[in-house]
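Numbers in my numbering are just positions in the sequence shown, counted from 1, shifted up by 10. One structure below.
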Amino acid sequence: MAGPSNRSESKKAEKHRFFVALLPPTEVQAEATAIKTYFQEHYQSQAALRSPPHITLQPPFEWAKDDLDQLFQALAAFALNQPPVPMGLSGFSAFPPRVIFINVVKTAELMALQPTLMDWLEVRLGIANARSKNRPFSPHLTVAFRDLKPGAFRHAWPEFEHRPFRADFTVPELTLLIHDGYRWQIAQNFPFRQESN
11 MAGPSNRSES KKAEKHRFFV ALLPPTEVQA EATAIKTYFQ EHYQSQAALR SPPHITLQPP
71 FEWAKDDLDQ LFQALAAFAL NQPPVPMGLS GFSAFPPRVI FINVVKTAEL MALQPTLMDW
131 LEVRLGIANA RSKNRPFSPH LTVAFRDLKP GAFRHAWPEF EHRPFRADFT VPELTLLIHD
191 GYRWQIAQNF PFRQESN
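If you want it as C-alpha coordinates, here you go:
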(Lines of atoms letter the chains of each structure in order from A; the text may use other names.)
(Lines give C-alpha, C1' and ligand atoms only; values in the text may rest on other atoms or scores of the structure.)
Protein backbone atom coordinates (compact mmCIF):
# COMPACT_ATOMS: atom_id res chain seq x y z
CA MET A 11 0.00 0.00 0.00
CA ALA A 12 1.33 3.40 -0.92
CA GLY A 13 2.20 5.54 2.07
CA PRO A 14 2.18 9.34 2.21
CA SER A 15 5.72 9.63 0.86
CA ASN A 16 4.89 7.47 -2.17
CA ARG A 17 1.83 9.59 -2.93
CA SER A 18 3.85 12.79 -2.76
CA GLU A 19 6.55 11.24 -4.98
CA SER A 20 4.00 10.22 -7.62
CA LYS A 21 2.40 13.66 -7.41
CA LYS A 22 5.80 15.31 -7.82
CA ALA A 23 6.54 13.09 -10.81
CA GLU A 24 3.31 14.13 -12.57
CA LYS A 25 4.29 15.41 -15.99
CA HIS A 26 2.53 17.35 -18.70
CA ARG A 27 3.27 17.62 -22.41
CA PHE A 28 4.39 21.00 -23.74
CA PHE A 29 5.75 22.54 -26.91
CA VAL A 30 7.10 25.98 -27.79
CA ALA A 31 5.84 27.92 -30.79
CA LEU A 32 5.24 31.24 -32.47
CA LEU A 33 1.58 32.20 -32.88
CA PRO A 34 0.41 34.54 -35.64
CA PRO A 35 -1.83 37.50 -34.80
CA THR A 36 -5.50 36.88 -34.04
CA GLU A 37 -6.78 37.75 -37.52
CA VAL A 38 -4.32 35.34 -39.18
CA GLN A 39 -5.22 32.66 -36.63
CA ALA A 40 -8.89 33.15 -37.57
CA GLU A 41 -8.09 32.65 -41.29
CA ALA A 42 -6.03 29.52 -40.57
CA THR A 43 -8.71 28.13 -38.25
CA ALA A 44 -11.32 28.64 -40.98
CA ILE A 45 -9.15 26.52 -43.31
CA LYS A 46 -8.76 23.84 -40.61
CA THR A 47 -12.55 23.83 -40.20
CA TYR A 48 -12.94 23.45 -43.96
CA PHE A 49 -10.75 20.32 -43.78
CA GLN A 50 -12.89 18.99 -40.94
CA GLU A 51 -16.13 19.57 -42.86
CA HIS A 52 -14.98 18.43 -46.33
CA TYR A 53 -12.22 15.89 -45.64
CA GLN A 54 -13.03 14.58 -42.13
CA SER A 55 -9.67 15.83 -40.83
CA GLN A 56 -9.99 17.52 -37.46
CA ALA A 57 -6.69 16.82 -35.66
CA ALA A 58 -5.29 20.24 -36.64
CA LEU A 59 -8.16 21.90 -34.77
CA ARG A 60 -6.74 20.57 -31.50
CA SER A 61 -4.18 23.38 -31.32
CA PRO A 62 -4.20 27.07 -32.15
CA PRO A 63 -2.52 27.93 -35.48
CA HIS A 64 1.21 28.01 -34.77
CA ILE A 65 4.75 27.49 -36.02
CA THR A 66 6.51 24.91 -33.83
CA LEU A 67 10.00 25.81 -32.59
CA GLN A 68 10.50 23.11 -29.93
CA PRO A 69 8.56 19.87 -30.51
CA PRO A 70 6.50 18.31 -27.71
CA PHE A 71 8.32 17.30 -24.54
CA GLU A 72 7.32 16.21 -21.04
CA TRP A 73 7.95 18.40 -18.01
CA ALA A 74 7.17 17.87 -14.31
CA LYS A 75 4.22 19.91 -13.10
CA ASP A 76 6.08 20.85 -9.92
CA ASP A 77 8.99 22.30 -11.91
CA LEU A 78 6.95 24.71 -14.06
CA ASP A 79 8.58 27.80 -12.52
CA GLN A 80 11.97 26.61 -13.75
CA LEU A 81 10.60 26.12 -17.28
CA PHE A 82 8.82 29.50 -17.24
CA GLN A 83 11.95 31.30 -15.98
CA ALA A 84 14.16 29.73 -18.66
CA LEU A 85 11.75 30.66 -21.47
CA ALA A 86 11.28 34.19 -20.11
CA ALA A 87 15.06 34.72 -19.94
CA PHE A 88 15.49 33.37 -23.47
CA ALA A 89 12.71 35.54 -24.93
CA LEU A 90 14.02 38.73 -23.32
CA ASN A 91 17.28 38.25 -25.24
CA GLN A 92 15.57 37.87 -28.64
CA PRO A 93 14.07 40.57 -30.85
CA PRO A 94 10.50 40.25 -32.18
CA VAL A 95 10.35 37.93 -35.19
CA PRO A 96 9.22 39.21 -38.61
CA MET A 97 7.26 36.49 -40.39
CA GLY A 98 5.57 35.84 -43.68
CA LEU A 99 3.09 33.19 -44.77
CA SER A 100 2.87 32.44 -48.48
CA GLY A 101 0.69 29.81 -50.17
CA PHE A 102 0.39 26.14 -49.31
CA SER A 103 2.64 23.11 -49.37
CA ALA A 104 2.49 19.49 -48.25
CA PHE A 105 4.27 16.52 -46.74
CA PRO A 106 2.46 13.79 -48.72
CA PRO A 107 0.42 11.73 -48.10
CA ARG A 108 -1.13 13.23 -44.94
CA VAL A 109 -0.01 16.81 -44.20
CA ILE A 110 -1.09 20.08 -45.83
CA PHE A 111 0.21 23.35 -44.43
CA ILE A 112 0.57 27.07 -45.02
CA ASN A 113 4.11 27.89 -46.12
CA VAL A 114 6.18 29.92 -43.69
CA VAL A 115 8.79 32.17 -45.30
CA LYS A 116 12.24 31.15 -44.06
CA THR A 117 13.49 34.52 -42.81
CA ALA A 118 16.99 34.75 -41.38
CA GLU A 119 15.54 35.72 -37.99
CA LEU A 120 13.23 32.71 -37.83
CA MET A 121 15.85 30.26 -39.05
CA ALA A 122 18.31 31.52 -36.40
CA LEU A 123 15.75 31.57 -33.57
CA GLN A 124 14.75 27.90 -33.72
CA PRO A 125 18.19 26.25 -33.24
CA THR A 126 19.13 28.89 -30.66
CA LEU A 127 16.01 28.05 -28.63
CA MET A 128 16.61 24.30 -28.92
CA ASP A 129 20.22 24.70 -27.75
CA TRP A 130 19.11 26.95 -24.86
CA LEU A 131 16.53 24.44 -23.64
CA GLU A 132 18.94 21.52 -23.94
CA VAL A 133 21.78 23.23 -22.07
CA ARG A 134 19.67 24.81 -19.34
CA LEU A 135 16.90 22.25 -18.84
CA GLY A 136 18.00 19.04 -20.55
CA ILE A 137 15.11 19.26 -23.03
CA ALA A 138 16.23 17.73 -26.31
CA ASN A 139 14.59 16.23 -29.37
CA ALA A 140 17.11 14.08 -31.25
CA ARG A 141 14.89 13.79 -34.32
CA SER A 142 14.57 17.57 -34.70
CA LYS A 143 18.27 18.15 -34.06
CA ASN A 144 19.19 15.79 -36.89
CA ARG A 145 17.02 17.29 -39.60
CA PRO A 146 16.75 20.80 -41.00
CA PHE A 147 14.12 23.13 -39.57
CA SER A 148 11.14 23.30 -41.93
CA PRO A 149 8.78 25.95 -40.53
CA HIS A 150 5.13 25.46 -41.43
CA LEU A 151 1.61 26.16 -40.16
CA THR A 152 -0.36 22.91 -40.35
CA VAL A 153 -3.99 22.97 -41.52
CA ALA A 154 -4.51 19.19 -41.97
CA PHE A 155 -2.47 16.20 -40.79
CA ARG A 156 -2.49 12.84 -38.99
CA ASP A 157 -6.18 12.00 -39.59
CA LEU A 158 -6.18 13.23 -43.23
CA LYS A 159 -6.53 9.94 -45.11
CA PRO A 160 -4.33 9.44 -48.21
CA GLY A 161 -7.43 9.39 -50.46
CA ALA A 162 -8.66 12.66 -48.97
CA PHE A 163 -5.16 14.12 -49.38
CA ARG A 164 -5.25 13.26 -53.11
CA HIS A 165 -8.51 15.21 -53.46
CA ALA A 166 -7.57 18.12 -51.16
CA TRP A 167 -4.06 18.82 -52.40
CA PRO A 168 -5.06 19.91 -55.95
CA GLU A 169 -7.58 22.26 -54.34
CA PHE A 170 -4.93 23.94 -52.15
CA GLU A 171 -1.72 23.51 -54.17
CA HIS A 172 -2.12 26.83 -56.03
CA ARG A 173 -4.52 28.57 -53.66
CA PRO A 174 -3.25 32.01 -52.64
CA PHE A 175 -2.56 32.85 -49.02
CA ARG A 176 -0.43 35.77 -47.87
CA ALA A 177 0.19 37.34 -44.48
CA ASP A 178 3.09 39.40 -43.14
CA PHE A 179 3.44 40.22 -39.45
CA THR A 180 5.84 40.43 -36.53
CA VAL A 181 5.53 38.01 -33.61
CA PRO A 182 6.14 39.83 -30.30
CA GLU A 183 6.36 36.78 -28.03
CA LEU A 184 7.26 33.14 -27.60
CA THR A 185 4.36 30.85 -26.61
CA LEU A 186 4.43 27.73 -24.44
CA LEU A 187 1.51 25.37 -25.09
CA ILE A 188 0.31 22.60 -22.78
CA HIS A 189 -1.72 19.50 -23.65
CA ASP A 190 -4.86 19.21 -21.50
CA GLY A 191 -5.55 15.59 -22.41
CA TYR A 192 -7.53 16.47 -25.54
CA ARG A 193 -6.12 19.63 -27.10
CA TRP A 194 -3.23 22.07 -26.87
CA GLN A 195 -3.84 25.28 -24.90
CA ILE A 196 -1.69 28.34 -24.33
CA ALA A 197 0.11 27.92 -21.01
CA GLN A 198 2.14 31.15 -21.04
CA ASN A 199 3.45 33.85 -23.37
CA PHE A 200 6.98 35.23 -23.03
CA PRO A 201 7.56 38.69 -24.57
CA PHE A 202 10.58 39.20 -26.78
CA ARG A 203 12.98 42.08 -26.14
CA GLN A 204 11.39 45.41 -26.99
CA GLU A 205 13.38 47.16 -29.67
CA SER A 206 13.97 50.87 -28.99
CA ASN A 207 13.56 53.31 -31.88
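Note that CB positions come from ideal geometry on N, CA and C, so glycine has one too. These numbers come from a predicted model, not from an experiment.
- Going by C-alpha positions, D178 is about 9 angstroms away from S100.
- Less than 9 angstroms divides the Cβ of I112 from the Cβ of F175.
- For the pair A74 and A154, the CB atoms are not nearer than the 9 angstroms cut-off.
- For G191, the secondary structure class from DSSP, reduced to helix, strand or coil, is coil.
- Scanning its chain for C-beta atoms nearer than 7 angstroms, with the 5 sequence neighbours on each side dropped, one finds around F170 the residues F102 and I110, in chain order.
- Around the beta carbon of L158, 16 or more other beta carbons sit within 10 angstroms, so the residue counts as buried.
- With fewer than 16 other Cβ atoms from the protein chains shown falling within 10 Å of its own Cβ, P168 counts as exposed.
- Rounded to whole angstroms, the Cβ separation of W194 and S61 is 4 angstroms, and the two are in contact under 8 angstroms.
- For S142, the enclosing alpha helix (DSSP H) begins and ends at A140 to K143.
- DSSP lists H26 as the beta-bridge partner residues of W73.
- Of the other Cβ atoms in all chains shown, fewer than 16 fall within 10 Å of the Cβ of Q83; this residue is therefore exposed.
- For F111, the enclosing beta strand (DSSP E) begins and ends at V109 to V114.
- Around the beta-carbon of L90, fewer than 16 other beta-carbon atoms lie within 10 Å, marking it exposed.
- For H26 against I188, the beta-carbon gap comes to about 6 angstroms, under 8 angstroms, which counts as contact.
- Here F105 is bridged, per DSSP, to V109.
- Rounded to the nearest whole angstrom, the C-alpha separation of V181 and R164 is 33 angstroms.
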